[in-house]
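Trainee: Residue numbers (my numbering): 486 to 532.
We put the beta carbon where it would ideally sit given N, CA and C, even for glycine.
These numbers come from a predicted model, not from an experiment.
Take this structure first; my questions come after.
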């Protein structure tokens, strides 16, 4: 995911990532956010 973010930063005007580790941190935070939104949008019926 970090590599994809670095590639996106190369092609998207105005989106800049300083280092691989910043991209890694951003990808981890994005994964947590995505997981949170997915659980809220599609709640599990398991009890």
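What did DSSP end up calling residue 493 once you bin it into helix, strand or coil?
Mentor: helix
Trainee: In angstroms with no decimal places, state the Cα-to-Cα distance between residue 524 and residue 511.
Mentor: 20 Å
Trainee: Any idea if residue 490 is buried or exposed, counting beta-carbon neighbours within 10 angstroms, 16 or more meaning buried?
Mentor: buried
Trainee: Using the Cα positions of residue 500 and residue 516, report the straight-line distance between them to the nearest angstrom.
Mentor: 19 Å
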